[in-house]
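S.K.: Position 1 of the sequence shown, counted from 1, bears residue number 1 in the UniProt record's numbering, the numbering being contiguous throughout. Here it is: the structure, laid out below.
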Amino acid sequence: MYSSKGFLLYFRVQIRQNVRHRRSGGSAVSIIYGAKPKPKFVPNITAPKMPDGEKVDFDDIHRKRQDKDLSELQSLIESHFIQRKKEEEELISLVNRIEKRRAERAEQQRVRAEREKERHARVAEEKDRKEAEDQRRKQDDDIKKKKALTNMTHQYGGIQQKSENRKGAKKQTEREKKKKILADRRKPLSIDHLNEDKLKEKASEMWQRMMELEAEKFDLSEKLKK
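Laid out in structure tokens, this is it:
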């Protein structure tokens, strides 16, 4: 890569090497790029004569032409560097935009990933909460069922105990009644003082009582069958 002074030195050497070409009418562009001059149509015109008594300073003409070429060259170099600087600035701007867009995309992806992670965490937390709530509800239901069953058992046991107590009391009452009846029925007969008529009357009463007892026995047996 040449510097500005290097370009000037290079083109000065080129200019010196193409002095003859410049004198033949070559332009500054053809000198810079080493292009061959295109053949031109030369009309058949007689060159004007120099006026007598005047001297032509070819060195001055050459110097002025050289200064003109150098000025054009300097303008080209400056234009080249300006264009190159502009392209470099555009390239830097493009790279900056690309990097900025890449950073924005990375940030968007990071935010999206973070939100997705938070969403999964919320879903998992909600699932755990529901499972814990269902488990707690199930345990509460089991406790309530066991408690209700225990209460029912105690209540049934109390009812059964009361029923048994009532049955026991009833059986005892009935047993006492039967004993009393049997005791009444088992009274010894006193018939020694009775005459024949009284004995017949007593026998008739006993027969009647036996018939009543048989009837009661039959009724009780029928009730037990039902």
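The C-beta atom is built at its ideal place from N, Cα and C for all residues, glycine as well.
1. Measuring straight from C-alpha to C-alpha, what distance separates residue 136 and residue 115?
2. CA-CA distance, residue 61 and residue 68?
3. Let's test the definition: count the other Cβ atoms within 10 Å of the Cβ of residue 94 and tell me whether it reaches 16, buried, or not, exposed.
4. Where do the N-terminal and C-terminal ends of the alpha helix (DSSP H) with residue 197 fall, by residue?
5. Just how far apart, CA to CA, sit residue 32 and residue 73?
6. The ligand NAD and residue 220: does the residue's C-beta get closer than 7 Å to at least one heavy atom of that ligand?
7. Tell me whether residue 57 sits in a helix, a strand or coil according to DSSP, three-state version.
8. Distance, Cα to Cα, residue 204 vs residue 173?
9. In whole angstroms, give me the CA-to-CA distance for residue 70 and residue 88.
10. For residue 221, I'd like the list of residues in its chain whose CB is within less than 7 Å of its CB, leaving aside the five on either flank, ordered along the chain.
M.R.: On the basis of the coordinates in this document:
1. 31 Å
2. 11 Å
3. exposed
4. 196 to 225
5. Reliability fails at residue 32, whose pLDDT of 45 lies under 50, so the model's placement of it is uncertain and the value that follows must be treated cautiously. Roughly 8 Å between the two C-alpha positions.
6. Although the ligand NAD was asked about, the structure shown includes no ligands whatsoever.
7. coil
8. 32 Å
9. 26 Å
10. So no residue of the chain qualifies.
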